[in-house]
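Here is the structure we will look at, set down as structure tokens.
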Amino acid sequence: MQVAFVQMEPRFGYPEANLEKVLAMMESKPAELYVLPELFASGYVFISPDEVAKAADKVGDGLVYRTIADFAKARKCAVIYGFPEKASEGYFNSSLFVDEFGNHKLYRKIHLFFEEKQYFLPGNSPLGTIAYRDTKLGMMICFDWIFPETARCLALAGADIICHPVNLVMSYCQDSMKTRSIENRIFTITANRIGEEKRGDKGFKFTGKSQITDCEGNVIYRADVDKEEIFTADINIEDARNKRVNDLNDLFGDRRVEYYNRLGETIDGIHQ
Ligand code: ACM
7 MQVAFVQMEP RFGYPEANLE KVLAMMESKP AELYVLPELF ASGYVFISPD EVAKAADKVG
67 DGLVYRTIAD FAKARKCAVI YGFPEKASEG YFNSSLFVDE FGNHKLYRKI HLFFEEKQYF
127 LPGNSPLGTI AYRDTKLGMM ICFDWIFPET ARCLALAGAD IICHPVNLVM SYCQDSMKTR
187 SIENRIFTIT ANRIGEEKRG DKGFKFTGKS QITDCEGNVI YRADVDKEEI FTADINIEDA
247 RNKRVNDLND LFGDRRVEYY NRLGETIDGI HQ
């Protein structure tokens, strides 16, 4: 499968310009699956609930959805992108899978980072997979990476590729995603933004270095820290279906779930 990440610098409050930029980048490199950053069309540093409300879209509605869905249909591909979601119960930091047939699947970020907690509800999506062509895709968003349970659940659910829209501000994630690949034998696509976003007395510098890892944790490609870029890679999904580490070890078959559930017991108790 030909997969791609888009690394770009969104301009806060200019969704049309951000969309135009991303479309031009995607049009320049054909792929079957594109992964875009978290909140790529809105920008990240919200400083009031009103700003979130203004930027948010309902699932399957709004300028961002329509533009991406039209692109997917015209180019016969799938796109995963991050967006502020307006739901009946409030606002979520979400990602959407959209394909050429008009299918869309939603994921709501489970582990909110820092002041996102002031503007978004914690996600309530199951960690399931999406079937696309001969692949099963899993979605997680940015800070979900620091909870290895997220990637593990997606892998146990059968994901071949973890699609990971991010707006990273710390420097540890890219290397950690190599481990997420090794421990689950899956591909990961981490699509980050670049640049600095200052809003009032708040702001972040984002860390770029979007990357794709293979099932043994090798970085197929890592982008620069501060350059807009689209990268495509041809990956063999079968690699993610083989969970054997050697002739005698199987990553999933060798799990000892009965021991993972004995957290309250003391060592002394076991030896009595
Ligand atoms: C993050 O979760 N956007 C750091």
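Counting in this note's numbering, the sequence shown runs from 7 upward without gaps. Ideal Cβ positions, reconstructed from N, Cα and C, are used throughout, including at glycine. None of these values were measured; they are calculated from a predicted model.
When only Cα atoms are considered, Thr185 and Tyr113 end up about 23 Å apart. Looking at Ile152, Ile136 and Tyr178, the one whose alpha-carbon comes closest to that of Gly164 is Ile136. The alpha-carbon separation between Pro16 and Asn24 amounts to approximately 6 Å.
Between the region 237-255 and the region 185-194, the count of C-beta pairs closer than 8 Å reaches three or more; the two stretches touch. In this structure Asn198 is in contact with Ser216, their Cβ atoms being roughly 5 Å apart against a cut-off of 8 Å. Its Cα nearest to that of Cys83, the residue Tyr40 stands out among Leu69, Pro90, Asp140 and Tyr40. Selection Trp151, Glu22, Gly96 and Phe46 evaluated against Glu234 yields Phe46 as nearest (Cα-Cα).
Taking all protein chains in view, the Cβ of Glu203 is crowded by 16 or more other Cβ atoms within 10 Å, so the residue is classified as buried. With contacts defined by Cβ atoms closer than 8 Å, Leu42 and Gly108 do not form a contacting pair.
In the DSSP assignment, Arg186 falls within the unbroken alpha helix (DSSP H) covering Cys179 to Asn190. For Gln8, the closest alpha carbon among the candidates Tyr138, Leu269, Phe258 and Asn173 is that of Tyr138. Taking the Cα of Gly19 as reference, the smallest distance to any Cα among Ser34, Ala59 and Ile147 is reached at Ala59. Gly206 and Ser54 have their C-alpha atoms roughly 11 Å apart. In terms of Cα proximity to Pro90, the closest of Lys208, Glu44, Glu271 and Thr141 is Glu44.
Relative to the non-hydrogen atoms of ligand 1, the Cβ of Cys148 comes within a distance shorter than 7 Å of at least one. Within the region 41-122, the runs of alpha helix (DSSP H) at least 4 residues long that lie entirely inside it are, in chain order, 55-61 and 68-81. Residue range Thr141 to Met145 is occupied by the beta strand (DSSP E) that includes Leu143.
Residue environment for Thr156: buried (at least 16 other C-beta atoms within 10 angstroms of its C-beta). Under the 10 Å beta carbon count, Leu69 is surrounded by fewer than 16 other beta carbons and is classified as exposed. Shortest gap from the CB of Asn173 to any heavy atom of ligand 1: under 7 Å. Straight through space, the alpha carbons of Leu133 and Leu160 are spaced by roughly 6 Å. Phe11 has its CB no nearer than 7 Å to any heavy atom of ligand 1.
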